[in-house]
Amino acid sequence: EPEVTQTPSHQVTQMGQEVILRCVPISNHLYFYWYRQILGQKVEFLVSFYNNEISEKSEIFDDQFSVERPDGSNFTLKIRSTKLEDSAMYFCASRLLLPAVIFGPGTRLTVT
Amino acid sequence: AQSVSQHNHHVILSEAASLELGCNYSYGGTVNLFWYVQYPGQHLQLLLKYFSGDPLVKGIKGFEAEFIKSKFSFNLRKPSVQWSDTAEYFCAVNAREGGFKTIFGAGTRLFVKA
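As given, the protein sequences belong to chains F and P, one line each in that order.
Per this note's numbering, residue 1 is the first one in the first sequence, and the count goes up by one each step.
Per this note's numbering, residue 1001 is the first one in the second sequence, and the count goes up by one each step.
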């Protein structure tokens, strides 16, 4: 069964550093998402991406965040200058046409 | 805007007990409803979904959920839980008007005692 994959599984970075979280969505999917889950809290929407542009972004997704689909397969989330409060599990997700979104395994980001 | 509320944050059951986790959503239009499960240390997995049709939907591992439109509810049920059902369960909703952006409830952490 096709899966969304994410790398790395765990990223540790120092405050103020840039990080790039990588995702490979399911190959024929058209819509891509990033979500995050701070430890012990609920899953929060960050951004949706379709047709090579952002469709919608949440209040969390400020100027420090950006997304890219640099080639036909990868979908990346960049945080330019990480803060302690960016520590969370980041989930990439994708879907084709049906509304059900398939999630990747997540990248645990720890900012020290 | 859509929102989802889950009634119980923590549930503890013994094996073979029946499970019902409450979920209510707030949105006036047509919605799609989901339950996701997150086993300890693992990622979110789709347990079941409702788009339209029969309001009683069956998912994996013996779970089912019933959509009651008049109550804006989508409760998750399982007649007899197992220790391996210990996990966190998230109710979620999306809609075409929101670009199918999926909104999650706060989650219910289920612990099943062996």
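The beta-carbon is built from N, C-alpha and C at its ideal position, and this holds for glycine as well.
When Cβ pairs closer than 8 Å are counted between the two stretches, the stretch 37–47 of chain F is seen to touch the stretch 1092–1111 of chain P, the count reaching three or more.
Rounded to whole angstroms, P/D1054 and F/D86 show a C-alpha spacing of 41 Å.
The straight-line gap separating the alpha-carbon atoms of P/F1051 and P/S1003 is approximately 17 Å. Secondary structure of P/S1080 (DSSP, three-state): coil. Contact between the stretch 1007–1026 of chain P and the stretch 66–73 of chain F is not established, with fewer than three Cβ pairs separated by less than 8 Å. At a beta-carbon threshold of 8 Å, none of the residues of chain F lie near P/K1058; the nearest stands roughly 15 Å away.
At a beta-carbon threshold of 9 Å, the residues of chain P lying near F/E56 are G1098, G1099, K1101, ordered along the chain.
Per DSSP, reduced to three states, the secondary structure at F/I26 is coil, with no helix or strand assignment. Listed along the chain, the chain F residues whose CB falls inside 7 Å of the CB of P/F1104 are K42, V43. Contact annotation, F/E18 with F/K78: C-beta distance approximately 7 Å; criterion of less than 8 Å satisfied. Here the stretch 80–96 of chain F does not lie against the stretch 1062–1082 of chain P, with fewer than 3 beta-carbon pairs under 8 Å apart. Neighbourhood of F/V101 in chain P, by CB distance below 7 Å: T1102, in chain order.
Bounds of any beta strand (DSSP E) do not take in F/R80, whose DSSP letter is neither H nor E. Shortest Cα-Cα distance from F/F103 to any of P/L1046, P/A1016, P/P1040 involves P/L1046. Ranked by Cα distance from P/D1085, the first of P/Y1036, P/V1031, P/L1056 is P/Y1036.
Along the stretch 84–111 of chain F, going in chain order, the ones with a CB nearer than 9 Å to a CB of chain P are M89, F91, A93, R95, L98, P99, A100, V101, I102, F103, G104, P105, G106.
Taking C-alpha positions only, P/S1073 is separated from F/G16 by approximately 43 Å. Among the residues facing chain F, P/L1044 is included, as its CB has a counterpart in that chain under 8 Å away.
For F/K42, the secondary structure class from DSSP, reduced to helix, strand or coil, is coil.
Residue pairing of P/R1109 in beta bridges, as defined by DSSP: P/H1010, P/E1088. Under the DSSP assignment, F/R95 falls in the beta strand (DSSP E) whose first and last residues are 88–95.
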